[in-house]
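Below: the structure, in structure tokens.
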Ligand SMILES: Cc1cc2nc3c(=O)[nH]c(=O)nc-3n(C[C@H](O)[C@H](O)[C@H](O)COP(=O)(O)O)c2cc1C
Ligand code: SF4
């Protein structure tokens, strides 16, 4: 094949060469240049030794790489239908775009879901639906009896995403949107930047790299009381979240690709610019449950009594039960637990960690909720759940299983204009959301996107109220596992209460 292709390219070039000799016009000269150019590439391809496919199929094999690179986009634009796109299908992406832009968010002609398929989930409506304008429960008060600065939060908040993983314009638009809509914006583990301080309520995340909360000692990042305190007592900071793990890469620690580690980000994190920044998998500030409890209390004291939470994706069941039992025995506990599902998102993660490690949200959430009930801590510790919550049904379902509030990351990225190109780890995000390339960052106009963030939040809350009203329930806070149903077998429909709580 190699020789045949080379012969074809060389012959065509000679042919055009002859043509130019007899008809020296612009058209023939252009054809000769193209053929000559392709022949040079064909010769180069057939001589190089790095890619066997290219040696065997000079020039032609390059098409394969092009299609390989553009596969996701081709799939999304030409092949994917409404319900089969991953991780977030087109139907769900569309509802975010529509709610963010306040455009029409109704769909015509009936459902495309197979309501007779196993796994189909739904809620039942009441003969006496309520007026959605009067549905209560869209705010939740965070803060146990250990906390002196309780926080009145929305039930929907922006889940952790760092400046570094996201662009400064994305962070600014998220924070300004949070301010307009009166909800909270989580910093992610990358520390606090000026872009987080646009006036919106902030949840300050402390990860294992202690960015914004620590210092380097002999090349190792350690928690530092003074650095943490300086940031934690800012008035914008409403709660602190200590990150143990996240669903997309539990047990791994954060990854900031070298390309995205600009001098500005490196300065905020106190690391060398242009290098990949890997946070350690575990905290150096504590090594057992007692030390963990002391650390949580220290963080609470340093932040002058703000609610302090821990975030993890449920892993080893025994460890989690021991931890919660230790909270109960010590009569000291975090004010909230953020349970992230194994299906959670990330800017960059190793494939095995994303696909095969960590408990999915439903099981993780139910497990943690049952433990809080068992150890009598449900009235002290709130649960924030995160994992592909996009529309109102996702939220109703998750709240009914025991969550008090929802954290959303990718949905808010979509509200900023993310097209699910899945290049967040490459610094080439075409819409300026997950890149540090200035020319791309400019594509995201903060003054236009901030309002979309607010709209998406507000419209989703409204949609939750409409669903709850249709169910005949007076308050979002009254949602229970008995309200949601799943088709388990062909002729068997079971409530979440029966599946998860009996
Ligand atoms: C771009 C990106 C960056 C993230 N960065 C962090 C982070 O710094 N800390 C963290 O705890 N989780 C991080 N996450 C996980 C989210 O906070 C969230 O837990 C997870 O994506 C599930 O929510 P979702 O399904 O609504 O996206 C990140 C997620 C994304 C998509
Ligand atoms: S559009 Fe940007 S933010 Fe969205 S998935 Fe692609 S690279 Fe990531």
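Residue numbers (the numbering used here): -3 to 498. Ideal Cβ placement from N, Cα and C applies to all residues, glycine included.
Cβ neighbour criterion (16 or more within 10 Å) applied to residue i
i, result
"residue 79", "exposed"
"residue 141", "exposed"
"residue 60", "exposed"
"residue 314", "exposed"
"residue 234", "buried"
"residue 189", "buried"
"residue 444", "exposed"
"residue 214", "exposed"
"residue 129", "exposed"
Distance cut-off 7 Å: residue i Cβ against heavy atoms of ligand 2
i, result
"residue 324", "no"
"residue 409", "yes"
"residue 416", "yes"
"residue 419", "yes"
"residue 427", "yes"
"residue 430", "yes"
Heavy atom of ligand 1 within 7 Å of residue i beta-carbon
i, result
"residue 336", "yes"
"residue 342", "yes"
"residue 184", "yes"
"residue 239", "yes"
"residue 570", "Outside the displayed range of the chain (-3 to 498) lies residue 570, so it cannot be described from this structure."
"residue 440", "no"
"residue 278", "no"
"residue 307", "yes"
"residue 255", "no"
"residue 272", "no"
"residue 422", "no"
Within 8 Å, strictly: CB atoms of residue i and residue j
i, j, result
"residue 68", "residue 417", "yes"
"residue 463", "residue 388", "yes"
"residue 372", "residue 324", "yes"
"residue 429", "residue 440", "yes"
"residue 126", "residue 470", "yes"
"residue 186", "residue 158", "yes"
"residue 480", "residue 117", "yes"
"residue 18", "residue 28", "no"
"residue 95", "residue 446", "no"
"residue 382", "residue 413", "no"
"residue 384", "residue 331", "no"
"residue 341", "residue 406", "yes"
"residue 466", "residue 133", "no"
"residue 250", "residue 241", "no"
"residue 52", "residue -3", "yes"
"residue 281", "residue 200", "no"
"residue 295", "residue 229", "no"
"residue 144", "residue 301", "yes"
"residue 147", "residue 168", "no"
"residue 269", "residue 262", "yes"
"residue 16", "residue 25", "yes"
"residue 92", "residue 460", "no"
Simplified DSSP assignment, three categories, for residue i
i, result
"residue 408", "helix"
"residue 121", "coil"
"residue 455", "helix"
"residue 194", "coil"
"residue 481", "strand"
"residue 147", "strand"
"residue 94", "helix"
"residue 135", "strand"
"residue 153", "strand"
"residue 274", "strand"
"residue 357", "helix"
"residue 201", "strand"
"residue 418", "coil"
"residue 443", "helix"
"residue 388", "helix"
"residue 212", "strand"
"residue 473", "helix"
"residue 435", "helix"
"residue 502", "A query on residue 502 cannot be resolved here, the shown segment of the chain reaching from -3 to 498 and no further."
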